[in-house]
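Visitor:
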Amino acid sequence: MLGVTGLLALVTLLVPVAARANVAFSLVLAAAGIALGVLIDQIPHLGLGGPIDDFFSALGHFDLSSEAFILVFLPVLLFETAIAIDVRRLVDDVAPILLLAVVAVLLSTFIVGFSLAAVTDMGVIACLLLAAIVSTTDPIAVVGIFRDLGVPHRLSLLVEGESLFNDAAAISLFALFVGMMTGERQADVLTGVLAFARGFAGGLLFGYVCGRLVCWSFILLRGQSAAEITLTVAAAYLVFLLGEHYLHVSGVVAVVTTALVISYEGRTRVSAETWTSLIDVWRQVGYWASCLIFLLATMRVPEMLAGMTGSDIVALAVLIGSALLARALVLFGLFPGLAALGWAEPISAPLRAVVLWGGLRGAISLALALAVLENPHIPDTVKSFVSVMCTGFVLFTLFVNAPLLRPLIRLFGLDRLSPSDMTVRGRAIAAALAEVRHRVTDAAADYGIDHGSAVALADSYTGRLSAAELEMAQTATPTIAEDTRSGLMMLAAREHGIYLRHYRDGKISGRITRTLLSCAARLQDGVKIDGAAGYDAASAGILAFSRKFRLALALHRRFGLEGILSDEIANRFEVLLMLQAAIRELSDFAANKLPLMVAEDAVGRITATIAVRMDAVDTALAALRLQYSDFSQALQLQYLERAAIRIEEAEYARLRSEAVVGHEVYSNLMAELDLRKQRLAHRPAMDLQLGPRKLVEGVPLFKTLSPEQLSRIIDLLHPMLAVPGDFIIRKGEVGDGMFFVASGAVEVRTETNRLRRGSGDFFGEMALLSHAPRNADVVALGFCSLLVLHARDFSALLNTSAEIRDCIHETSRLRAASLPETPMAEAEPLPAPS
């Protein structure tokens, strides 16, 4: 206990040392660990006695095996990094990240391994084992430097994402080569590749299942913040142990995947306060783990470097050179190919150079080397070779790569803002200073400060404002396109915040929130890739029917399954309602706040873009409301009740803070509110209104039928839902049925005509009567409830009633006579919905 707590105390003292020296904290930790390793054997001989002597004695007898290193620290480090990562952005860059993490590890392992085998007397398997160990990268130091310098977020994400899956791939290879070295596995390339793939894929699957189970468990623990956070801590270790020791898949991959699933879905399964606390807890635990493992691992460096010879220096130089070469081949050879294929966004050469030089190694590599040292089945010569080479390489990356990383970033100008960002910065400063200057006299009056002092302070802000305006004038003026891009990025980021706020207020469910956050991320990505055009394309894509919706529609048409489709339509209702509310808020922001940040012409373009987007959302929502007005009213009423409850809750909290009501009364009021919240948590029931009898009775053609005839008709006709833009019939197809419009409207399109058919009309009968291909396209103009009569049942329908037979034949004759001769006509107005 003295040793562990003493190390934690030392860590806190090293923080200001790293800040004062302006170097990476991990570098200072490594230096301190090496110093402790040297002093462990010296301090007891000085006879100081007391706690100092006992502290170093405790460190000297601190028997923590490499397996304990991995079991205790690795799940925490992996989970902490993955739980806080932006999964949406990670998915966008998944191709380059997996390239760095998997392909680069494999390439590095074989290039480094065979290079070392060529210049040393060690066997190929021993060299490949060392190469796998040094292929793990440590993002802590690099990301810390990136944050200090303000480099692009994407660069930090690439390095963090690489480290997550990089460790998994490297440790899987390490286990494979250790098995070959000890004779537990056959030294066969194909067998090794299959074992690696099986462990990696199995870890992904097992981790995904466990992540979903944890998110499902959050529902059972809702409101129990401490239990929810404890569950994630237990999951990190259980997933690793179960995967690694019982299922024999990659426990590292399983832990990373579980954390990513929780990061993506869990944040909308728990309260916003719980999620913030969860991230804080993991950040703290990860900080302790990373500091302790760094110190404990680097304390073993003097022991691991013992016996280093001149020939080892040559081998170390080959190790460093081949590792950099392998990484450069991936970054400068394979990355451009990914961008050319459209699998990843282009990454500039400076960014790739920084990622190349920023591949630092750390405690994980040292822990794996210790595992080799402690393995009794590995020859002593291999142990010495691995420990010396690995330690030397880790120290090179920490004491050579890390200090040169800052100058390299500054050399490429990656820490500087773009001209458009500089303009936004200048305008932000000017707006803030103007507001401060305006309000400083009011603040002086509040604190009883004399007017002269307030005027003097206001004058100083006037001077700063003039300097800021002069700096803006000297900055290169961004183009209208650049200003528009900056403004749209602000709107997309604000939209993301709007959805999170609505979720925190309890107005929307976690499932809808995840969909909306994905929409906001698509807008951000569209702006980054193609500016305003990218924003427009992303907006259109958001309103398009998703693959899941299309699948639900197909299942309904094929098997009559209504549940999935009604759920998808209800989801679309909610998404459109929240999009409408968010765009209204964005319109106000664009009109009132955006002119302070971007040029007037850009504001005009952005305002027009928002107006077009609002029109599209209104149109999509109107189509739903026209068909499902009852559900629309019930859903909007529920949203209003949720908002009312939030207001009531805030008012009770205010009364409690002002001591108007006591604790007992407040608790009683909140308990009552909780019951009302639970009632409103369930969405109103969605009725697709596709009951066969109801639809048939709504068609005027069938109103004169007797009950017996009506029953026969119902058996022949099958309900079908068409969505806006659906091609119900395509010209040239073989006619396999006719359609009756129960509600909604469709458009019949020929080369010369565009005619609408509304409620009560029918179409598609001509192909059945003439046995000829379809002569027109028929497209749904909105949500349409149709009745489908298949060709095999056509004769049965005609024989049901003479009136129906005559009506269909007469209508078909008139249409056949008029279609070829009728000029292009204006569409008839839609009939009122039945």
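For what it's worth, the working numbering labels the leading residue of the sequence shown as 183, then goes sequentially.
Glycine included, each C-beta is placed from N, C-alpha and C at the ideal position.
For Tyr-428, count neighbouring Cβ atoms within 10 angstroms of its own Cβ and tell me buried if that reaches 16, exposed if not.
Guide: exposed
Visitor: Taking 8 Å as the cut-off, decide whether the C-beta atoms of Ser-569 and Ala-551 are in contact.
Guide: yes
Visitor: Rounded to whole angstroms, what's the CA-CA distance from Gly-742 to Phe-813? Just pull it up for me.
Guide: 21 Å
Visitor: Using CA atoms only, rank isn't needed, just tell me which of Ala-805, Thr-666, Ala-978 and Gly-219 is closest to Asp-783.
Guide: Thr-666
Visitor: Which residues in the same chain as Phe-388 place their Cβ atom closer than 7 Å to its Cβ, once the five residues preceding and following it in sequence are excluded?
Guide: Gly-425, Leu-429, Val-431 and Ala-436
Visitor: Let me know the secondary structure DSSP gives Gly-759 once reduced to three states.
Guide: For clarity, residue 759 is Leu in the given sequence; the question names Gly instead. Helix.
Visitor: Confirm, please, whether the CB-CB distance from Val-452 to Glu-485 is below 8 Å.
Guide: no
Visitor: Which residue or residues does DSSP assign as beta-bridge partners of Gly-919?
Guide: His-972
Visitor: Return yes when the Cβ of Thr-801 is within less than 8 Å of the Cβ of Val-1023, no when it is not.
Guide: Limits of the chain in this structure are 183 at one end and 1016 at the other, which puts residue 1023 out of reach.
Visitor: Would you mind sorting His-684 into buried or exposed? The rule is 16 or more other CB atoms within 10 Å of its CB.
Guide: buried
Visitor: Where in the segment 769-830 do unbroken runs of the alpha helix (DSSP H), each at least 4 residues long, occur, reported from the N-terminal end onward?
Guide: As far as the segment 769-830 is concerned, its whole alpha helix (DSSP H) runs of at least 4 residues are 782-809.
Visitor: Helix, strand or coil: how does DSSP classify Asp-959 here?
Guide: strand
Visitor: Per DSSP, which one or two residues make a beta bridge with Cys-966?
Guide: Ala-904
Visitor: According to DSSP, is Val-316 part of a helix, a strand, or is it coil?
Guide: coil
Visitor: Helix, strand or coil for Arg-754? Go by DSSP, reduced to three states.
Guide: In the structure shown, Arg-754 sits in a helix (DSSP, three-state: H, G or I).
Visitor: Could you check which residue in Leu-979, Glu-947 and His-953 has the C-alpha nearest to that of His-897?
Guide: The sequence shown places Asp at residue 897, not His. Among Leu-979, Glu-947 and His-953, the Cα nearest to that of Asp-897 belongs to Leu-979.
Visitor: Could you check whether the segment 874-892 touches the segment 700-718, counting it as contact only if at least three pairs of C-beta atoms, one from each stretch, sit closer than 8 Å?
Guide: no
Visitor: Report back the beta-carbon spacing between Val-294 and Ala-505 to the nearest angstrom; my notes put them in contact at under 8 Å.
Guide: 5 Å
Visitor: State whether the segment 818-836 contacts the segment 850-861, with contact taken as three or more CB pairs (one from each stretch) at a distance under 8 Å.
Guide: yes
Visitor: Kindly indicate which three-state DSSP category Arg-931 falls into: helix, strand or coil?
Guide: Arg-931: strand per DSSP, three-state reduction.
Visitor: For the alpha helix (DSSP H) that contains Ile-411, what are its first and last residues?
Guide: 407-423
Visitor: Can you tell me whether Asp-562 is buried or exposed? The criterion is at least 16 other CB atoms within 10 Å of its CB, across all chains shown.
Guide: exposed
Visitor: Find the nearest neighbour of Gly-786 within the set Arg-588, Ala-714, Gln-809 and Ala-825, judged by alpha-carbon distance.
Guide: Ala-714
Visitor: Near Leu-280, which residues of its chain fall below 7 Å by C-beta distance, leaving aside the five closest residues on each side in sequence?
Guide: The beta carbon of Leu-280 is closer than 7 Å to those of Phe-347 in its chain, skipping five residues each way along the sequence.
Visitor: How about Leu-768 and Arg-676: do their beta carbons lie closer than 8 Å?
Guide: Contact flag set, yes.
Visitor: Mind checking whether Glu-262 and Gly-468 have CB atoms under 8 Å apart?
Guide: yes
Visitor: What are the partner residues of Ser-925, as DSSP defines its beta bridges?
Guide: DSSP output for Ser-925 lists Ser-967 as bridge partner(s).
Visitor: By how many angstroms is the C-alpha of Asp-223 removed from the C-alpha of Gly-242?
Guide: 7 Å
Visitor: Going by beta carbon distance, what residues of the same chain come within less than 7 Å of Arg-795, once the five residues before and after it are set aside?
Guide: Ser-721 and Ile-765
Visitor: Using 10 angstroms around the beta-carbon of Gln-466, count the other beta-carbons present and answer buried if the total reaches 16, otherwise exposed.
Guide: With fewer than 16 Cβ atoms within 10 Å of its Cβ, Gln-466 is classed as exposed.
Visitor: Determine the burial state of Val-197: buried for a count of at least 16 other Cβ atoms within 10 Å of its Cβ, exposed for fewer.
Guide: So Val-197 ends up on the exposed side.
Visitor: Looking at Phe-884: is its Cβ nearer than 8 Å to the Cβ of Leu-872?
Guide: no
Visitor: Do you know offhand how far Ala-286's Cα is from Arg-739's?
Guide: For Ala-286 and Arg-739, the distance between alpha carbons rounds to 47 Å.
Visitor: In the structure shown, what three-state DSSP assignment does Ile-222 receive?
Guide: coil
Visitor: For Arg-939, which residues does DSSP report across the bridge?
Guide: Val-928
Visitor: Beta-carbon within less than 7 Å of Leu-513's beta-carbon, same chain only, minus the 5 sequence neighbours each way: which residues are those?
Guide: So the list reads Arg-534, Val-537 and Leu-538, once near-sequence residues are dropped.
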